[in-house]
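Which chain is which? The protein sequence lines are Y and V, in order. Here the first sequence is numbered in the working numbering, starting from 1 and rising by one per residue. Here the second sequence is numbered in the working numbering, starting from 1001 and rising by one per residue. Quick reminder that beta carbons are idealized off the backbone N, C-alpha and C, glycines included.
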Amino acid sequence: MAMAMATDAQLLDRLLRGDTRSLGEIYERYRVPLFRFCLRMVKDTALAEDAVHDTFVKLARQHSGILHPGALKSWLFRVARNEVYMILRRAAPMPLEDADGVLDPSTPHDLLEQTERASLVHAMLAALRPAYREVLMLREFEEMPYAEIAAITGSTEGAVKSRLFKARLALAGSMAGMQKERMR
Amino acid sequence: MNTCERCEEMMSAYIDGVLDDAGGAELFAHMGTCTQCRQTYAGMSAIRTYCAVAPAPEVPERLDRRIHRLHAAPAARVSRLRKVWTQRLTIPAPAFALALLVVSVTVLATVVWLRTTPAPAEEQQVMYIMSMPAVEVEGVPGRNGSHIH
Ligand SMILES: [Zn+2]
C-alpha cells in the first residue's frame, strides 16, 4: 500500500520538532511554483535562485513564526515575494506598487511580439508591472483565492480584484493589437 | 462608467468564479450585442488557457544543491564543530594547560592582593596609623622600621 503523502501541517510539525529532512520535502513540493513565481517576477535565473534559496533559509530559521500550520504555502510565497521585491528595488529604486499604468515600461516594446523567442505567457507576464504580474501569477498558476493573494501581497481583496481586472484587460488589449498587426 | 467598462470588470470576476448570477446575466446579455466586449472576453479567457498550457520553468540543479546543503547543514555543522573541538583539546594540550596555570596564578595573586590592599575609603585611616609611632610588640619592629626606646 502506498504511503499517504504528508500534509503541509505534518511537514511543518516535523520541522518544528527539529527534523530538518522535512525542509527538503517542503522544497520538493514547492520548488517549481516558487521558482516560477520568482523567475517571472525578477526575470533573471540567478536572482530567482537567490530569492528561493533565501526563502528556505528563512524557513529553516523562522519556521516557528508560522502560527497557522495550514498557511505554509502562503507563508512561503509571502517570504519569496519579499525577497523578490528586495531584488527589484535594488535594480530600480522607484515605487513599484503605486506606479501608474499596468504595463511595465522597462520591458522591451516589442516583447509581446517575440513569441518565437519567448513563450507567449512569459512575454505576457513580463509586460506587466510587478504589482499586476504577481496577482495574475498567484491567481492563474497557484489558483489562489483573492483573500490569500491579498494576504501574500499585503493588500486588500478589492485591490486584488481590481489589479486582476486591469492586468487581464491590458493583456487582452495587447493580444488584440498583435492580431491586428498580423492580419495587416 | 459605461456599460462596456462595467462589463469588462464583470468579465474578470466571472473568469475567477466570483460574479453573482445577476451580474453574469447582465454580462452575457451585453456581450450578445457588443462585438468589442466579446473580443475583450476572448482575450481575457485566453490568458487563463495560455497559463494552463505553459510549461513550468526548469528549476536549476544548482538551486537544488543549494537547498540540499541547507537542510543537510545542521548535522554537518555539528560534526564539524565536534571535530574542531576535539582537535583543539588534543593537539595543543600542553600549551592549553600552561595558559590555564598562568591564568589561575594571576587570578589567585589578584585575590590575595585585593584582600591585603585596603579600599580607598580606608586610606586616610592607614595614613594616620602610619604616622603614629610604631609600637614594638614582642620584638617585632615597628611599621616604619624605627624602634621606640
Ligand atoms: Zn461592450
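Would residue i and residue j be called neighbours here (beta carbons separated by less than 8 angstroms)?
i	j	result
residue 153(Y)	residue 140(Y)	no
residue 52(Y)	residue 1063(V)	yes
residue 1044(V)	residue 1027(V)	no
residue 1067(V)	residue 56(Y)	yes
residue 25(Y)	residue 6(Y)	yes
residue 19(Y)	residue 73(Y)	no
residue 169(Y)	residue 1040(V)	yes
residue 1051(V)	residue 1031(V)	no
Taking only beta-carbon positions, decide if residue i is within less than 8 angstroms of chain V.
i	result
residue 73(Y)	no
residue 45(Y)	yes
residue 127(Y)	no
residue 32(Y)	yes
residue 144(Y)	no
residue 124(Y)	yes
residue 188(Y)	Any property of residue 188(Y) remains undetermined from this structure, which presents chain Y solely from 1 to 184.
residue 181(Y)	no
residue 83(Y)	no
residue 139(Y)	yes
residue 68(Y)	no
residue 24(Y)	yes
residue 57(Y)	yes
residue 77(Y)	no
residue 42(Y)	no
residue 190(Y)	Residue 190(Y) lies beyond the residue range present for chain Y, which begins at 1 and ends at 184; the question has no answer from this structure.
residue 52(Y)	yes
Nearest-angstrom Cα distance between residue i and residue j?
i	j	result
residue 148(Y)	residue 1035(V)	35 angstroms
residue 1069(V)	residue 83(Y)	20 angstroms
residue 86(Y)	residue 54(Y)	11 angstroms
residue 1049(V)	residue 1042(V)	10 angstroms
residue 1013(V)	residue 158(Y)	11 angstroms
residue 160(Y)	residue 146(Y)	6 angstroms
residue 179(Y)	residue 1037(V)	16 angstroms
residue 1002(V)	residue 1060(V)	48 angstroms
residue 30(Y)	residue 66(Y)	16 angstroms
residue 27(Y)	residue 1004(V)	45 angstroms
residue 63(Y)	residue 182(Y)	51 angstroms
residue 68(Y)	residue 1015(V)	30 angstroms
residue 177(Y)	residue 1009(V)	20 angstroms
residue 92(Y)	residue 1022(V)	44 angstroms
residue 88(Y)	residue 46(Y)	13 angstroms
residue 1105(V)	residue 1115(V)	15 angstroms
residue 1109(V)	residue 1098(V)	16 angstroms
residue 75(Y)	residue 1024(V)	34 angstroms
residue 61(Y)	residue 1107(V)	41 angstroms
residue 90(Y)	residue 50(Y)	14 angstroms
residue 1058(V)	residue 1065(V)	14 angstroms
residue 32(Y)	residue 1017(V)	26 angstroms
Give the C-beta separation of residue i and residue j to the nearest angstrom, bearing in mind that I take them to be a contact with Cβ-Cβ under 8 angstroms.
i	j	result
residue 43(Y)	residue 150(Y)	That belief does not hold up - the Cβ atoms of residue 43(Y) and residue 150(Y) are roughly 24 angstroms apart, past 8 angstroms.
residue 59(Y)	residue 48(Y)	With a Cβ gap of about 17 angstroms, residue 59(Y) and residue 48(Y) do not count as contacting.
residue 80(Y)	residue 34(Y)	5 angstroms
residue 175(Y)	residue 1046(V)	7 angstroms
Looking only at its own chain, which residues have a Cβ that is under 6 angstroms from the Cβ of residue i, when we skip the five neighbours before and after it?
i	result
residue 22(Y)	11, 14, 15
residue 1101(V)	none
residue 172(Y)	none
residue 1019(V)	1010, 1013
Got a sec? Which residues, its chain only, sit under 7 angstroms from residue i by beta carbon, not counting five neighbours each side?
i	result
residue 137(Y)	37, 40, 125
residue 1056(V)	none
residue 163(Y)	131, 132, 135
residue 1112(V)	none
residue 1071(V)	none
In its own chain, which residues sit with a C-beta less than 8 angstroms from the C-beta of residue i, not counting the 5 before and 5 after it?
i	result
residue 166(Y)	102, 132
residue 156(Y)	150
With a threshold of 8 angstroms between beta-carbons, can residue i be considered close to chain Y, or not?
i	result
residue 1101(V)	no
residue 1014(V)	no
residue 1022(V)	no
residue 1051(V)	yes
residue 1065(V)	no
residue 1044(V)	yes
residue 1071(V)	yes
residue 1040(V)	yes
residue 1006(V)	no
residue 1068(V)	yes
residue 1026(V)	no
Taking only beta-carbon atoms, is residue i less than 8 angstroms away from chain A?
i	result
residue 36(Y)	The chain labelled as chain A is not found among the protein chains of the depicted structure, namely Y and V.
Hey, is residue i close to ligand 3, as in C-beta under 7 angstroms from one of its heavy atoms?
i	result
residue 1036(V)	As for ligand 3, it is missing from this structure, which binds only ligand 1.
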